[in-house]
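Encoded as structure tokens, the structure appears first; notes follow it.
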Amino acid sequence: MYADRIRMRGLNDRVMSADEAALLFKDGMVVGMSGFTRAGDAKDMPIALAKRACQQPMKLTLITGASLGHDADKTLTEAGLLARRLPFQVDATLRAAINRGEVMFVDQHLSETVEFLRAGQLGKLDIAVIEAVAITEDGGIVPSSSVGNSASFAILADKVIVEINLAQPLGFEGMHDIWIPGRRPHREPLPIVGVADRVGECAIRIPPEKIAAIIITDTPDSASNNLPPDEETRQIAGHLIEFFQHEVKRGRLPAVLPAIQSGIGTIANAVLSGFIDSPFSELTMYSEVLQDSTFELMDAGKMAFASGSSITVSKRMQDKVFGNLDRYRDKVLLRPQEVSNHPEVIRRLGLIALNTALEADIYGNINSTHVGGTHMMNGIGGSGDFTRNAFMSIFATKSVAKGGRISSIVPMVAHVDHNEHDVDILVTEQGIADLRTLAPRERVKLVIEHCAHPSYRDALKDYYRDALRYGGQTPHALERAFEMHIRLRDSGSMLPA
Numbered sequence: 001m002y003a004d005r006i007r008m009r010g011l012n013d014r015v016m017s018a019d020e021a022a023l024l025f026k027d028g029m030v031v032g033m034s035g036f037t038r039a040g041d042a043k044d045m046p047i048a049l050a051k052r053a054c055q056q057p058m059k060l061t062l063i064t065g066a067s068l069g070h071d072a073d074k075t076l077t078e079a080g081l082l083a084r085r086l087p088f089q090v091d092a093t094l095r096a097a098i099n100r101g102e103v104m105f106v107d108q109h110l111s112e113t114v115e116f117l118r119a120g121q122l123g124k125l126d127i128a129v130i131e132a133v134a135i136t137e138d139g140g141i142v143p144s145s146s147v148g149n150s151a152s153f154a155i156l157a158d159k160v161i162v163e164i165n166l167a168q169p170l171g172f173e174g175m176h177d178i179w180i181p182g183r184r185p186h187r188e189p190l191p192i193v194g195v196a197d198r199v200g201e202c203a204i205r206i207p208p209e210k211i212a213a214i215i216i217t218d219t220p221d222s223a224s225n226n227l228p229p230d231e232e233t234r235q236i237a238g239h240l241i242e243f244f245q246h247e248v249k250r251g252r253l254p255a256v257l258p259a260i261q262s263g264i265g266t267i268a269n270a271v272l273s274g275f276i277d278s279p280f281s282e283l284t285m286y287s288e289v290l291q292d293s294t295f296e297l298m299d300a301g302k303m304a305f306a307s308g309s310s311i312t313v314s315k316r317m318q319d320k321v322f323g324n325l326d327r328y329r330d331k332v333l334l335r336p337q338e339v340s341n342h343p344e345v346i347r348r349l350g351l352i353a354l355n356t357a358l359e360a361d362i363y364g365n366i367n368s369t370h371v372g373g374t375h376m377m378n379g380i381g382g383s384g385d386f387t388r389n390a391f392m393s394i395f396a397t398k399s400v401a402k403g404g405r406i407s408s409i410v411p412m413v414a415h416v417d418h419n420e421h422d423v424d425i426l427v428t429e430q431g432i433a434d435l436r437t438l439a440p441r442e443r444v445k446l447v448i449e450h451c452a453h454p455s456y457r458d459a460l461k462d463y464y465r466d467a468l469r470y471g472g473q474t475p476h477a478l479e480r481a482f483e484m485h486i487r488l489r490d491s492g493s494m495l496p497a
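Quick note: this note's numbering has the sequence shown finishing at residue 497, numbered continuously throughout.
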């Protein structure tokens, strides 16, 4: 029935329902599932597992590439299935369970998860569940709209369940570049010296006898929920474009910009969309997630090539891109996330990294993950992989949130994901602060005057004047460092009384 999808002889007898495949799981197992930012995730298996857990309670450790779509994390959380979850999530129900301490969440750099698994630090991987568009004549598993950790999961797991998704076009075949690093310490260099370099294979290679079940599904990816550009994100894009033009004129950037990495989310996607009207062309991307802005830039003739680990786009763009994959075939490669986020390649290519922050402090430290320093939002994702290793590390955020009740610029961040040593540029709709080569005391004026919202500048200046009384390389008045956070907790607003 699926000759074009299951092309290896002898595998058709492994086709079964998701409910039947769910019987392969046992309490305490470590499970790897495909999926990277709502793309290429298993569609039927999470539902079947939740159904089984309601009848026969069990707990699993669930590892993915990044976030899942179709409310999978919500479904699994409500079924009480998740004992431990890593390395990234975006689901509100799961997030609440994490912050209540009911699910142990391990927030990891996305390039490191498989390294931990490969070294046995996360235990033995019992089952991998991988979405695919096809299984080739020689047993190769062809991923769909993401690669993420799928290849390594399939290689390392005792058993593999393949979800063949008929809603994902066969045109994805040939768009993947599967390269898996060898074992340490005698690992060969990763031979990528250009964004478009193809160094691996088009499918995941495992012994076919490891395939314990094949599930046929017909469910499209969840669409991206990014919001369209607004006035603030257009201003942020304008500041960055003007800054890049200035750097080119001074000879500090080439006229054809280095490859760009863009973090997932509304702000990064909207800012990158702003480059459609910029003077820059022949852009390239070496990133994790290819969002709407990537394909908008390609369609505008601005972007020549994009390498990533997943395609996560809106419903409108999904219809356009997935329905016309041949149009983008020579412009896109999808790689494992330990390749897309590989520090060696990021440093070699000299990327411009653009990521987003929950908050930044007056010295350039960044909090990307914890509201109030305690409550997890989504996770660090791949931002650390790129920030530490890029040629130029940029963080963007709107200067205020919640109608102005929260300032994104604070005296001291309540949680540090990216410290001042790794942050080169900070930009909000207010302006841009170039922090390179500046000592901490020199950074303060730029951050407050160029990035903070006018409603908070006087309070931040007052804090810094007080902090100077205590001296030091990085002056702080510790008794006041979190007064804005405390005011928000107690009154619902950071604004001074």
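In this text, a Cβ means the ideal position worked out from N, Cα and C, and glycines have one as well.
Computed from a predicted model, the values in this text were never measured in an experiment.
Measure the beta-carbon distance from residue 463 to residue 411 and round it to whole angstroms, keeping in mind my assumption that it falls under 8 Å. That belief holds up - the Cβ atoms of residue 463 and residue 411 are roughly 5 Å apart, short of 8 Å.
Drop a sphere of 10 angstroms on the beta-carbon of residue 207, count the other beta-carbons inside from all chains shown, and report buried for 16 or more, exposed for fewer. exposed
Express the C-alpha separation of residue 322 and residue 169 in angstroms, rounding to a whole number. 7 Å
What's the gap between the Cα of residue 443 and the Cα of residue 488? 25 Å
Return the first residue and the last residue of the alpha helix (DSSP H) that residue 76 is part of. 72-78
For residue 20, count neighbouring C-beta atoms within 10 Å of its own C-beta (all shown protein chains included) and say buried if the count is 16 or more, exposed if not. exposed
Taking the alpha carbon of residue 344 as the reference point, which residue from 317, 440, 395, 389 has its own alpha carbon closest? 389
Three or more C-beta pairs under 8 Å: does that hold for the segment 74-86 against the segment 48-64? yes
Going residue by residue through the segment 295-349, where are the continuous alpha helix (DSSP H) segments of at least 4 residues, counting only ones entirely within it? 315-322, 325-328, 337-340, 343-349
Identified DSSP bridge partners for residue 461: BP columns for residue 461 are empty, so no partner.
Near residue 468, what residues of its chain come up, given a Cβ to Cβ distance below 8 Å and the 5 sequence neighbours on each side ignored? Within its own chain, the residues whose Cβ lies closer than 8 Å to the Cβ of residue 468, once the five positions on either side in sequence are excluded, are 475, listed in chain order.
Buried versus exposed call for residue 494 [16 or more other C-beta atoms within 10 Å across all chains shown]: buried
Based on DSSP bridge pairs, tell me the residues matched to residue 383. Beta-bridge analysis with DSSP links residue 383 to no other residue.
Output the distance between the C-alpha atoms of residue 63 and residue 97, rounded to the nearest integer angstrom. If I take the Cα positions, the gap works out to 17 Å.
May I ask which residues mark the beginning and end of the beta strand (DSSP E) holding residue 229? Run containing residue 229: none; DSSP gives neither H nor E here.
Could you tell me whether the Cβ atoms of residue 41 and residue 35 are closer together than 8 Å? yes
Delimiting residues of the alpha helix (DSSP H) encompassing residue 50: 45-55
If you pair each beta-carbon of the segment 240-250 with each one of the segment 282-301, do three or more pairs fall below 8 Å? no
In chain order, what residues of the same chain have a beta carbon less than 6 Å from the beta carbon of residue 385, not counting five sequence neighbours either side? 109, 111, 341
Taking the continuous beta strand (DSSP E) assigned at residue 223, which residues delimit it? That residue, residue 223, is in no beta strand (DSSP E); it is neither H nor E in DSSP.
Beta-carbon within less than 8 Å of residue 218's beta-carbon, same chain only, minus the 5 sequence neighbours each way: which residues are those? Around residue 218: 165, 166, 167.
Please return the same chain residues whose Cβ sits closer than 6 Å to the Cβ of residue 85, not counting the five positions on each side in sequence. Around residue 85: 62, 103, 105.
I'd like to know whether the C-beta atoms of residue 24 and residue 212 end up nearer to each other than 8 Å. yes
Three or more C-beta pairs below 8 Å linking the segment 369-387 and the segment 319-333: no
Enclosing alpha helix (DSSP H) for residue 444 [first to last residue]: 440-451
Rounded separation between residue 318 and residue 369 - CA only: 28 Å
With DSSP collapsed to three states, give me the class of residue 163. Here residue 163 sits in strand by DSSP.
Paired residues, beta bridge with residue 143 - DSSP: 132
Alpha carbon to alpha carbon, what distance is there between residue 478 and residue 310? 43 Å
Supposed contact pair residue 236 and residue 396 - C-beta distance, whole angstroms, cut 8 Å: 5 Å
DSSP has residue 28 in a bridge; who is on the other side? Bridge partners of residue 28: none, in fact.
Take residue 350 and list the residues in its own chain whose beta-carbon comes closer than 6 Å to its own, dropping the five residues that flank it on each side. 258, 391
Tell me whether residue 256 is buried or exposed, calling it buried when 16 or more other Cβ atoms sit within 10 Å of its Cβ. exposed
What's the call for residue 470, buried or exposed, on a 16-neighbour Cβ count within 10 Å? exposed
Can you tell me whether residue 194 is buried or exposed? The criterion is at least 16 other CB atoms within 10 Å of its CB, across all chains shown. exposed
Please classify residue 69: is it buried, with 16 or more other beta-carbons within 10 angstroms of its beta-carbon, or exposed? buried
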